[in-house]
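Visitor: Pasting a structure below so you can have a look.
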Amino acid sequence: MNAPRIRSCAIREVRFGAEVTVVEPVNLYECEIGDGCFIGPFVEIQRGVVIGARTKVQSHSFVCELVTIGDDCFVGHGVKFVNDLFATGGPARGDRSLWRSTRIGHRVSIGSGAVILPVNICDGVVIGAGAVVTRDIERPGIYAGNPARLLRPLP
């Protein structure tokens, strides 16, 4: 019988700001977490991710490589970020040149269960629960649906 390779959840090589709260178990590695952030349980934040100050990432969320999240944001429970669009008809299988980046502005709230594909989202946006964001959002407002669409602008 072959023994499985077992990898444990860990917090390693993370650059933490001041007064950060992390609720274990989590898997955080080679990322940056800003001042005053909250990271809930069962969250994974991967290499190179930058989380801005005072941002809250709720339980069961997955933040993959190539994601930047601004200050004063809220990431609801079970939010998934995607960096591989299966451009060749399947997973990139380690070809990181096929991955794409995501940038989330400041004061963005992302509802529980949303899926965020590689996009840019401007400041002052609300993403509804369960929304699937497939395109850049360049105007503050409330967005919901699959694909996410503007419901109403915000000042």
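Going by numbering that gives the first Met the number 0, the sequence shown opens with residue 0, and the numbers climb by one from there.
Beta carbons are placed, not taken as given, at the ideal position from N, Cα and C, and that holds for glycine.
Please read all numbers here as calculations on a predicted model, not as lab measurements.
Hey, quick one: how far does the beta strand (DSSP E) through residue 99 stretch, first residue to last?
Guide: Element bounds for residue 99: n/a, residue is neither H nor E.
Visitor: Taking 8 angstroms as the cut-off, does the stretch 89-96 touch the stretch 108-115 (at least 3 CB pairs, one atom from each stretch)?
Guide: no
Visitor: In terms of DSSP beta bridges, what is residue 108 paired with?
Guide: Bridge partners of residue 108: 73 and 125.
Visitor: Can you tell me which of 51, 44 and 137 puts its alpha carbon nearest to the alpha carbon of residue 18?
Guide: 51
Visitor: Could you tell me which residues DSSP puts in a beta bridge with residue 26?
Guide: 43
Visitor: Taking the alpha carbon of residue 125 as the reference point, which residue from 103, 59 and 22 has its own alpha carbon closest?
Guide: Of all alpha-carbon atoms in 103, 59 and 22, the one lying nearest the alpha-carbon of residue 125 is that of 103.
Visitor: Starting from the Cα of residue 164, find the closest Cα among 141, 132, 140 and 153 and give me that residue.
Guide: Missing from the structure shown is residue 164; the chain here goes from 0 to 154 and no further.
Visitor: In or out: residue 86 buried (at least 16 other Cβ within 10 Å) or exposed?
Guide: exposed
Visitor: So the beta strand (DSSP E) residue 116 belongs to, where does it begin and stop?
Guide: Taken as a continuous stretch (DSSP letters only), residue 116 belongs to no beta strand (DSSP E), as it is neither H nor E.
Visitor: How is the beta strand (DSSP E) around residue 66 delimited, first residue to last?
Guide: 66-68
Visitor: My output table needs one value for residue 150: the three-state DSSP class, helix, strand or coil.
Guide: DSSP, reduced to helix, strand and coil, places residue 150 within a strand of the structure shown.
Visitor: Give the DSSP-derived three-state secondary structure of residue 224 in the structure shown.
Guide: It is not possible to answer for residue 224, since the shown part of the chain is limited to 0 through 154.
Visitor: Please return the same chain residues whose Cβ sits closer than 6 angstroms to the Cβ of residue 43, not counting the five positions on each side in sequence.
Guide: 26 and 61
Visitor: From what residue to what residue does the beta strand (DSSP E) around residue 136 run?
Guide: Segment: none, residue 136 is in no beta strand (DSSP E) and carries neither H nor E.
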